[in-house]
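Participant: Sequence order for the protein chains is F and W. For the first sequence, numbering that gives the first Met the number 0 begins at 0 and goes up steadily by one. For the second sequence, numbering that gives the first Met the number 0 begins at 0 and goes up steadily by one. For each residue, glycine too, the CB sits at the ideal point set by N, CA and C. These figures come from a predicted structure and were not determined experimentally. Dropping the structure in here first, questions after.
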Amino acid sequence: MSSELTRMTAAELSEALSKGDTTATEVTQAHLDQIAAVDGKVHAFLHVAADQALDQARQIDEERKKGTVRSPLAGVPIAVKDVFTTTGMPTTCGSRILEGWHPPYDATITTRLKRSGAIILGKTNMDEFAMGSSTENSAYGVTHNPWDLDKIPGGSSGGSAAAVAAYEAPLAIGTDTGGSIRQPAAVCGIVGTKPTYGGSSRYGVVAFASSLDTPGPFGRTVLDTALLHEVMSGHDPMDSTSIDAPVPPVVAAAREADVSGMRIGVVTDLSGEGYQPGVLARFAEAVELLESLGAKVTEVSCPHFRYALPAYYLIAPSECSSNLARFDAMRYGLRAGDDGTRDAEEVMALTREQGFGAEVKRRIILGTYALSSGYYDAYYGKAQQVRTLIIRDFDAAFGQVDVLVSPSTPTTAFRIGERADDPMAMYLADLCTIPSDLAGNAAISVPCGLADEDGLPVGLQVMAPAMADDRLYRVAAAAEAALTGRWGHPLLEDAKGL
Amino acid sequence: MTETLVPFAEATERYEPVIGLETHVELGTRTKMFCGCTTGFGAEPNSQVCPVCLGLPGSLPVINVKSIEYTIRIGLALNCQIASWCRFARKNYFYPDMPKDFQISQYDEPLCTDGYLDVEVDGETVRIGIERVHLEEDTGKSLHVGGATGRIHGAEYSLVDYNRAGIPLVEIVTKPVPGTGAGAPVVARAYVTELRDLLRSLGVSDVRMEEGSLRCDVNTSIAPRGATAWGTRTETKNVNSLRSVERAVYFEIERQAAVLDAGGRIVQETRHFHEDSGTTTSGRSKEEAQDYRYFPEPDLVPVAPDAEWVEQLRAALPEAPSARRARLRAEWDLSESDMTALSNAGALDLVAGTVTAGASPADARKWWLGELARRANEAAQELKDLPITPAQVARVAALVTAGTLNDKLARQVIDAVLAGEGGPDEVVKARNLAVVSDDAALTAAVDDAIAASPDVVARIRDGKLNAAGVLVGAVMKATRGQADAARVRELILERLS
Numbered sequence: 000m001s002s003e004l005t006r007m008t009a010a011e012l013s014e015a016l017s018k019g020d021t022t023a024t025e026v027t028q029a030h031l032d033q034i035a036a037v038d039g040k041v042h043a044f045l046h047v048a049a050d051q052a053l054d055q056a057r058q059i060d061e062e063r064k065k066g067t068v069r070s071p072l073a074g075v076p077i078a079v080k081d082v083f084t085t086t087g088m089p090t091t092c093g094s095r096i097l098e099g100w101h102p103p104y105d106a107t108i109t110t111r112l113k114r115s116g117a118i119i120l121g122k123t124n125m126d127e128f129a130m131g132s133s134t135e136n137s138a139y140g141v142t143h144n145p146w147d148l149d150k151i152p153g154g155s156s157g158g159s160a161a162a163v164a165a166y167e168a169p170l171a172i173g174t175d176t177g178g179s180i181r182q183p184a185a186v187c188g189i190v191g192t193k194p195t196y197g198g199s200s201r202y203g204v205v206a207f208a209s210s211l212d213t214p215g216p217f218g219r220t221v222l223d224t225a226l227l228h229e230v231m232s233g234h235d236p237m238d239s240t241s242i243d244a245p246v247p248p249v250v251a252a253a254r255e256a257d258v259s260g261m262r263i264g265v266v267t268d269l270s271g272e273g274y275q276p277g278v279l280a281r282f283a284e285a286v287e288l289l290e291s292l293g294a295k296v297t298e299v300s301c302p303h304f305r306y307a308l309p310a311y312y313l314i315a316p317s318e319c320s321s322n323l324a325r326f327d328a329m330r331y332g333l334r335a336g337d338d339g340t341r342d343a344e345e346v347m348a349l350t351r352e353q354g355f356g357a358e359v360k361r362r363i364i365l366g367t368y369a370l371s372s373g374y375y376d377a378y379y380g381k382a383q384q385v386r387t388l389i390i391r392d393f394d395a396a397f398g399q400v401d402v403l404v405s406p407s408t409p410t411t412a413f414r415i416g417e418r419a420d421d422p423m424a425m426y427l428a429d430l431c432t433i434p435s436d437l438a439g440n441a442a443i444s445v446p447c448g449l450a451d452e453d454g455l456p457v458g459l460q461v462m463a464p465a466m467a468d469d470r471l472y473r474v475a476a477a478a479e480a481a482l483t484g485r486w487g488h489p490l491l492e493d494a495k496g497l
Numbered sequence: 000m001t002e003t004l005v006p007f008a009e010a011t012e013r014y015e016p017v018i019g020l021e022t023h024v025e026l027g028t029r030t031k032m033f034c035g036c037t038t039g040f041g042a043e044p045n046s047q048v049c050p051v052c053l054g055l056p057g058s059l060p061v062i063n064v065k066s067i068e069y070t071i072r073i074g075l076a077l078n079c080q081i082a083s084w085c086r087f088a089r090k091n092y093f094y095p096d097m098p099k100d101f102q103i104s105q106y107d108e109p110l111c112t113d114g115y116l117d118v119e120v121d122g123e124t125v126r127i128g129i130e131r132v133h134l135e136e137d138t139g140k141s142l143h144v145g146g147a148t149g150r151i152h153g154a155e156y157s158l159v160d161y162n163r164a165g166i167p168l169v170e171i172v173t174k175p176v177p178g179t180g181a182g183a184p185v186v187a188r189a190y191v192t193e194l195r196d197l198l199r200s201l202g203v204s205d206v207r208m209e210e211g212s213l214r215c216d217v218n219t220s221i222a223p224r225g226a227t228a229w230g231t232r233t234e235t236k237n238v239n240s241l242r243s244v245e246r247a248v249y250f251e252i253e254r255q256a257a258v259l260d261a262g263g264r265i266v267q268e269t270r271h272f273h274e275d276s277g278t279t280t281s282g283r284s285k286e287e288a289q290d291y292r293y294f295p296e297p298d299l300v301p302v303a304p305d306a307e308w309v310e311q312l313r314a315a316l317p318e319a320p321s322a323r324r325a326r327l328r329a330e331w332d333l334s335e336s337d338m339t340a341l342s343n344a345g346a347l348d349l350v351a352g353t354v355t356a357g358a359s360p361a362d363a364r365k366w367w368l369g370e371l372a373r374r375a376n377e378a379a380q381e382l383k384d385l386p387i388t389p390a391q392v393a394r395v396a397a398l399v400t401a402g403t404l405n406d407k408l409a410r411q412v413i414d415a416v417l418a419g420e421g422g423p424d425e426v427v428k429a430r431n432l433a434v435v436s437d438d439a440a441l442t443a444a445v446d447d448a449i450a451a452s453p454d455v456v457a458r459i460r461d462g463k464l465n466a467a468g469v470l471v472g473a474v475m476k477a478t479r480g481q482a483d484a485a486r487v488r489e490l491i492l493e494r495l496s
């Protein structure tokens, strides 16, 4: 029973719980058992909150006995990226500088998860402060891809993606700044969504790049991902950039899974040189499949997407250089060298020297430079102009089609250590995902098969206009249903890493 | 180190000063600028804080609309243009009392620009141009313990109180003010005074310089008379009383003149003002200034005040203090210097309130600047903090006018009101203090006095009527001051005629 429970989707668990076939306590225990069994190899979790999870599960079971069901996710376990503040659990952001920090408040999304009755299993590993595409930048060790333990799980939300792919949790949340949900979802063979910027609250999400950071859901199915999307999203008065509008009908769209008559644009600029042949092959098949399901497919050019990566690597580091200034040893987190011989400035400098990893330092330095007097216009200012051009590309494209599609990543999961010393190669992992972050619109990655070269999963990315997140689920669910039918089983069952 | 100075008169004879003022005003909003924490002064350190104003990881700011409203009202009162769209910016620098190590401020898109404030100096109007009015968050407050200077360098340790962090702070920057010559220090003081009164009339701040809710940076430069270019300016920080504003400009002119006379050059720098000596000393040099790396605050959406709302705010502005002063001076028939005395004593509103409550302007002024000013002074209190209301003062004046009280009794009543014994009428009743003008009650006392002083009676009968004062005094003493002295005198003279 225990291993069966971990194989079930969130929707199935929800149904089993409501029928009384199982209890939240059983479900939670099953997932804690799975974590105990496999996380030594995967290292998806930085902190497992077993006692709290079981306490909460018992409470949910009590409530259900009395006829109270908080939401469809009541009693369903979930893993939370260690960038969301959580009372009663540490929040490290994968950084030494926050080692042992117990936040005194919950992120809005943490609160919404708790209110929904979802059982928070613990906090997942991530690239330090969400900077990276492999989870190798965590100060607490690398996470391994359940498809092949020698491969990266993607990043920065690699821990969340790996936890879902390793059946340690049916659902997880992450954040997407340049692709940090979609890229790990793609390389771990699961579903991940970057909602519209402002569609999900950033309050209590430790900031990397404020104008880009977007919390979003992971699941093994499109429907599960939609269920979580609906629970975690919606207006938050604590976040000024939060959109005051109803959450798009993502669950209904996932259930309908109908693309007949939809206009789908293939972004020609997101293919070609640098893309793995196996990735392009699976992507092309997925597009053909959508066409066979009744979608009208055309090619669309977004000529400024080629400048997205350089613009991103000016804007994101600029914002991060300011956002990460607060880690100064004065109020919380690490304090190094406070032995009475150093003044405050020296303690600040030494703490930041010891507390931040190489990639974080690289970006702080990049951003500090890009914002400095005399360089601002040429770097930060110019990057913002490029951002406007990319938004216009999207606007023009969405004038012709309902959604855009591309591969989620240029390649499948690469080997741990392979790109660790080559930042540029690492940055290319986010080539396809960055445009949607810069534009602030919505995008999803859904598995579309395994690359012939390495047998690793490939993601199909679907992009939709801001606040049209439901279109993502309509297309992704249709593709998922058709592809799963073709494969004869969920793709993840082919994962052989564990 | 003793600074070489050129005497002020000599300095301003040869050099022309240009001044400029940057004034920081803590707004009196109930809650902070980006969170719901309260803003009261003097609370237990770090008791008015939350994740937002402590800048805890993950927290986000949400603008307090009241702070925008107050800033726009200040801008309108200073005759500024109000931006139809503007943004906040991050000013990045590391300092322990800045919770986020950046300050949310405004940079190239301030809320209000290009206004002016007219200031009266010696009966003449000086128009001070306003460059900009912008809104930002205040920092925490550091207390550096140990070390000689009270500054962070040399301190043994420092304590930080974040209660102040995130209180909305408005910065009002003047355009450079040339052409004031030897009047520069007085003009600077008059500007801050006028600004303070204006802000107080708007009700947007309690503008207490001693509590730091109004803080001034004073920019001063000098150039040889006849020179076409202005000199290099220094910025004297945290000049926190009206008198200090005047002294800081005065001192900088004397100091800079000495530097230039000696063939030196003025370094663009911030300087610290010393209240005790009235001098300034060098602080951080602007030439090695920090680069604040301003960029638009991505956690906030742009502010776009609705034009109709701005017009509503404009229509609801109170009368400007200068206009009000002119009107009241005419209504009260006071001289300019009387009016200045009232302003300086902080008695204008109190007198106005007393007049509104029915007293004559002369009586109102007499009580507030006389007896009550003396009491406030004795108690080291602000006049307005005395526990007596303008209405109560008006009632005392009315009782005197009606003859129920004489001045001496009136002072007793005021004492009792200040002592918390109740309103004037209650005190009169409780202490039975009314003037006795009933002849029957007075006659006996008058007869006693006449009988007790035959020699005085003799002198009066000789025509020395002034001697009657002695008998009046005796009657007053016998009646514990409650007799109507004029009536007593009449009765004495009637008896002896």
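#1: Indicate whether at least one CB of chain F lies closer than 9 Å to the CB of residue 0 of chain W.
#2: Is there at least one Cβ from chain F nearer than 9 Å to residue 23 of chain W's Cβ?
#3: Kindly give me the distance between the Cβ atoms of residue 16 of chain W and residue 179 of chain W, rounded to whole angstroms, as I take these residues to be in contact under 8 Å.
#4: Taking Cβ-Cβ distances shorter than 8 Å, what residues in chain W pair up with residue 317 of chain F?
#5: Locate the beta strand (DSSP E) running through residue 135 of chain W, then write down its first and last residues.
#6: State the DSSP-derived secondary structure class of residue 67 of chain W, mapped to helix, strand or coil.
#7: When you check each C-beta in the region 81-104 of chain W against every C-beta of chain F, which residues fall closer than 8 Å?
#8: Please check the pair residue 445 of chain F and residue 221 of chain F, which I expect to be a contact at CB under 8 Å, by giving their CB distance rounded to whole angstroms.
#9: Is residue 202 of chain F close to chain W, meaning its C-beta is less than 9 Å from at least one C-beta of that chain?
#10: Here's the rule: buried if 16 or more other CB atoms are within 10 angstroms of the residue's CB, otherwise exposed. What is residue 364 of chain F?
#11: When every heavy atom of the ligand COA is checked, does at least one fall within less than 8 Å of the C-beta of residue 422 of chain W?
#12: Please say whether residue 409 of chain F and residue 275 of chain F have beta carbons closer to each other than 9 Å?
#13: Which residue wins for smallest C-alpha separation from residue 441 of chain W, given the options W/485, W/275, W/263?
#14: Quick check: the Cα distance between residue 409 of chain W and residue 448 of chain W, rounded to an integer number of angstroms?
#15: I'd like to know whether the C-beta atoms of residue 88 of chain F and residue 172 of chain F end up nearer to each other than 9 Å.
#16: Could you work out which residues of chain W lie near residue 379 of chain F, taking near to mean beta carbons separated by less than 8 Å?
#17: Taking the alpha helix (DSSP H) that residue 417 of chain F belongs to, which residues open and close that run?
#18: For a contact meaning CB atoms closer than 9 Å, what does residue 157 of chain W contact in chain F?
#19: Please go through the region 394-470 of chain F and give each complete beta strand (DSSP E) segment of 3 or more residues, from N-terminal end onward.
#20: What's the C-alpha gap between residue 425 of chain F and residue 175 of chain F?
#21: Could you check which residue in F/441, F/54, F/74 has the C-alpha nearest to that of residue 461 of chain F?
#22: What residue does the beta strand (DSSP E) around residue 46 of chain F start on, and which one ends it?
#23: So, is the C-beta of residue 236 of chain F closer than 9 Å to a C-beta in chain W?
#24: I need the DSSP call for residue 144 of chain W, collapsed to helix, strand or coil.
#25: If we ignore side chains and look at the alpha-carbon of each, how far apart do residue 29 of chain W and residue 68 of chain W end up?
#26: Got a sec? Which residues, its chain only, sit under 7 Å from residue 0 of chain W by beta carbon, not counting five neighbours each side?
#27: By alpha-carbon positions, which one of W/37, W/50, W/437 ends up nearest to residue 325 of chain F?
#28: Based on DSSP bridge pairs, tell me the residues matched to residue 24 of chain W.
#29: Residues of chain W with CB closer than 9 Å to the CB of residue 186 of chain F, please, in chain order.
#30: Would DSSP call residue 152 of chain W helix, strand or coil?
#31: Nearest to residue 237 of chain W by alpha carbon, out of W/249, W/223, W/257, W/212?
#32: I want to see whether chain W comes within less than 9 Å of residue 367 of chain F, judged by CB atoms only; does it?
#33: Cβ of residue 92 of chain F less than 9 Å from any chain W Cβ?
#34: What are the boundary residues of the beta strand (DSSP E) that includes residue 89 of chain F?
#35: By the criterion of Cβ-Cβ separation under 7 Å, what are the contact partners of residue 290 of chain W in chain F?
#36: Go ahead and pull the three-state DSSP assignment for residue 291 of chain W.
Facilitator: By the coordinates alone:
#1: Looking up residue 0 of chain W in the second sequence gives position 1. Confidence at residue 0 of chain W is low in this model, with a pLDDT of 49, below 50, so the placement of that residue is unreliable and no value is reported for it.
#2: Residue 23 of chain W sits at position 24 when you count from the first residue of the second sequence. It does not: the Cβ of residue 23 of chain W has no partner Cβ on chain F nearer than 9 Å.
#3: Reading the second sequence from its first residue, position 17 is the one you call residue 16 of chain W. Reading the second sequence from its first residue, position 180 is the one you call residue 179 of chain W. Yes, residue 16 of chain W and residue 179 of chain W are in contact; Cβ-Cβ is about 7 Å, under 8 Å.
#4: The count along the first sequence starts at 1 and reaches residue 317 of chain F at position 318. Result: 294.
#5: Indexing the second sequence from 1 puts residue 135 of chain W at position 136. 123-136 is the span of the beta strand (DSSP E), which, as asked, contains residue 135 of chain W.
#6: Your numbering for residue 67 of chain W matches position 68 in the second sequence. Looking at residue 67 of chain W - three-state DSSP - the assignment turns out to be helix.
#7: 89, 91, 93, 95, 98, 99, 100, 101
#8: Walking along the first sequence from the start, residue 445 of chain F turns up at place 446. Walking along the first sequence from the start, residue 221 of chain F turns up at place 222. Confirmed, about 6 Å.
#9: Here the question's residue 202 of chain F lines up with position 203 in the first sequence. True, the Cβ-Cβ gap to chain W drops below 9 Å.
#10: As a working note, residue 364 of chain F is residue 365 in the first sequence. Burial call: exposed.
#11: With respect to small molecules bound, the structure shown includes none, and the ligand COA cannot be examined in it.
#12: Locating residue 275 of chain F in the first sequence gives position 276, counting from the first residue. Locating residue 409 of chain F in the first sequence gives position 410, counting from the first residue. Yes. Within cutoff.
#13: For this step, residue 441 of chain W is matched to residue 442 along the second sequence. Taking the Cα of residue 441 of chain W as reference, the smallest distance to any Cα among W/485, W/275, W/263 is reached at W/485.
#14: Your numbering for residue 409 of chain W matches position 410 in the second sequence. Your numbering for residue 448 of chain W matches position 449 in the second sequence. A straight-line Cα-Cα distance of about 25 Å links residue 409 of chain W and residue 448 of chain W.
#15: Counted from its first residue, the first sequence places residue 88 of chain F at position 89. Counted from its first residue, the first sequence places residue 172 of chain F at position 173. No, Cβ-Cβ distance for residue 88 of chain F and residue 172 of chain F is not below 9 Å.
#16: Taking the first residue of the first sequence as 1, we reach residue 379 of chain F at position 380. Per Cβ cutoff of 8 Å: 294.
#17: Residue numbering aside, residue 417 of chain F sits at position 418 when the first sequence is read from its first letter. It is not in any alpha helix (DSSP H) - residue 417 of chain F carries neither H nor E in the DSSP assignment.
#18: To locate residue 157 of chain W, count along the second sequence from 1; it is residue 158. Result: 343.
#19: 402-406, 441-449, 456-463
#20: Reading the first sequence from its first residue, position 426 is the one you call residue 425 of chain F. Reading the first sequence from its first residue, position 176 is the one you call residue 175 of chain F. Note on geometry: alpha-carbon atoms of residue 425 of chain F and residue 175 of chain F lie some 16 Å from one another.
#21: Residue mapping note: residue 461 of chain F aligns to position 462 of the first sequence, counting from 1. Considering only alpha carbons, the answer is F/441.
#22: Here residue 46 of chain F refers to the residue found at position 47 of the first sequence. Residues 44-47.
#23: Here residue 236 of chain F refers to the residue found at position 237 when the first sequence is read from its first residue. Answer yes: the Cβ-Cβ gap between residue 236 of chain F and chain W drops below 9 Å somewhere.
#24: Numbered from its first residue, the second sequence carries residue 144 of chain W at position 145. Residue state, collapsed to three classes: strand.
#25: Taking the second sequence and counting its residues from 1, one reaches residue 29 of chain W at position 30. Taking the second sequence and counting its residues from 1, one reaches residue 68 of chain W at position 69. Distance between the alpha carbons of residue 29 of chain W and residue 68 of chain W: 13 Å.
#26: Within the second sequence, residue 0 of chain W is the residue found at index 1, counting from 1. For residue 0 of chain W, the predicted model reports a pLDDT of 49, less than 50, meaning its position is unreliable and no value from the coordinates is stated.
#27: For the purposes of this step, residue 325 of chain F is identified with residue 326 of the first sequence, where counting begins at 1. The shortest C-alpha separation from residue 325 of chain F is found at W/50.
#28: Translated into positions along the second sequence, residue 24 of chain W becomes position 25. In the DSSP output, where bridge partners are listed per residue, residue 24 of chain W has W/169, W/213.
#29: On the first sequence, position 187 is the one that residue 186 of chain F refers to. The contacting residues do not exist; residue 186 of chain F stays about 27 Å from chain W at best.
#30: Within the second sequence, numbered from 1, the residue matching residue 152 of chain W stands at position 153. In this structure, residue 152 of chain W counts as coil in the three-state DSSP scheme.
#31: Here residue 237 of chain W corresponds to residue number 238 of the second sequence, with the count starting at 1. Measuring from the Cα of residue 237 of chain W, the nearest candidate turns out to be W/212.
#32: The residue labelled residue 367 of chain F in the question sits at position 368 within the first sequence. Yes, because at least one Cβ of chain W sits closer than 9 Å to the Cβ of residue 367 of chain F.
#33: Translated into the one-based positions of the first sequence, residue 92 of chain F becomes position 93. Cβ-Cβ to chain W under 9 Å: yes for residue 92 of chain F.
#34: Position 90 of the first sequence, counted from the first residue, corresponds to residue 89 of chain F. Run containing residue 89 of chain F: none; DSSP gives neither H nor E here.
#35: As a working note, residue 290 of chain W is residue 291 in the second sequence. Here the neighbours are 371, 372.
#36: In the second sequence, counting from the first residue as 1, residue 291 of chain W sits at position 292. DSSP places residue 291 of chain W in coil when its eight states are reduced to three.
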